[in-house]
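Going left to right, the sequence shown walks through residues 39 to 186 as the working numbering numbers them.
Note that beta-carbon positions come from the ideal geometry of N, C-alpha and C, so glycine has one too.
On a predicted model such as this, the values are computed, not experimentally measured, just so you know.
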Amino acid sequence: MSNSFQSGMLMNSSVGTEGGGGSSDAALELAYAIAKAADDRKGGDIAILQVGEVSYLADYFVVITGFSAVQVRAIARTIEDELEQTWHRRPLRTEGQGEGSWIVQDFGEVIAHIFLPREREFYNLEAFWGHAQRIDYVPPNSASNIQS
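Structure (structure tokens):
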């Protein structure tokens, strides 16, 4: 079963309903806010993994690709700035900013992983957490959201 966000909401493609499973709506909204902030900085291949059912680490992982170390850092800064401004939240912990090949931002119930392509392929969190439900991020204003 595959889920995707459309028009700012999570749509369950197999049944066509809003929802996200066992995790809280606030955590899902936070994951979506992280994905949108990353998209605003042109982050690529944004995926949300619903890991709360299979792990105690977090409810969701947001996995993002940046195409240079500078972009990876810019995505991380934008996520931090956006969440501080709109959610009044800062990451509990951030790792990897010095090197910029994989930055991890821990917001408690949601953890953002921002990778360079080589690192994302090598660590392959989507395969490691393959038993977690994957929610593909679709930007609210993308062509795939326009229905005829």
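Going by beta carbon distance, what residues of the same chain come within less than 7 Å of residue i, once the five residues before and after it are set aside?
i	result
V65	Residue identity check: residue 65 is Ala in the sequence provided, not Val. Once the five neighbours on either side are set aside, the close Cβ partners of A65 are D97, Y98, E147, V148.
Any idea what DSSP makes of residue i, helix, strand or coil?
i	result
W140	strand
A150	strand
R131	strand
G60	Low confidence applies to G60: its pLDDT is 47, below 50, so where it sits in the model is not reliable, and the reading given next is rough at best. Here G60 sits in coil by DSSP.
R111	helix
H169	coil
K80	coil
F199	With the chain running from 39 to 186 in the structure shown, residue 199 is simply not present.
F145	coil
Compare the Cα-Cα distances from residue i to each of the options and report the closest residue.
i	options	result
Q135	D174, L154, L121, A71	L154
K80	I117, E91, L163, F145	I117
G168	L130, I86, P129	I86
E157	I72, I102, A170, F145	I102
E120	V100, A73, G104	A73
Sort out for me which residues DSSP pairs residue i with in a bridge.
i	result
Y94	The partner list for Y94 (beta bridge, DSSP) is empty, contrary to what the question assumes.
V100	I86, A150
Leaving out the 5 sequence neighbours to the left and right, which residues in its chain are closer than 8 Å to residue i when beta-carbon positions are compared?
i	result
L95	V89, I149
G54	Because the pLDDT at G54 is just 28, under 50, the model does not fix this residue reliably, and the value given afterwards should be weighed accordingly. Excluding positions up to five away in sequence, the list is empty.
D77	I84, Y175, P177
Among residues of its own chain, excluding the 5 on either side of residue i, which ones have a beta-carbon nearer than 6 Å to its beta-carbon?
i	result
G59	Because G59 carries a pLDDT of 43, less than 50, the predicted location of this residue cannot be relied on, and the following value inherits that uncertainty. The residues are Q88.
T132	Q143
V92	H169, A170
**Asked** Just checking, does the segment 126-142 make contact with the segment 110-118 on the three C-beta pairs under 8 Å criterion?
**Response** yes
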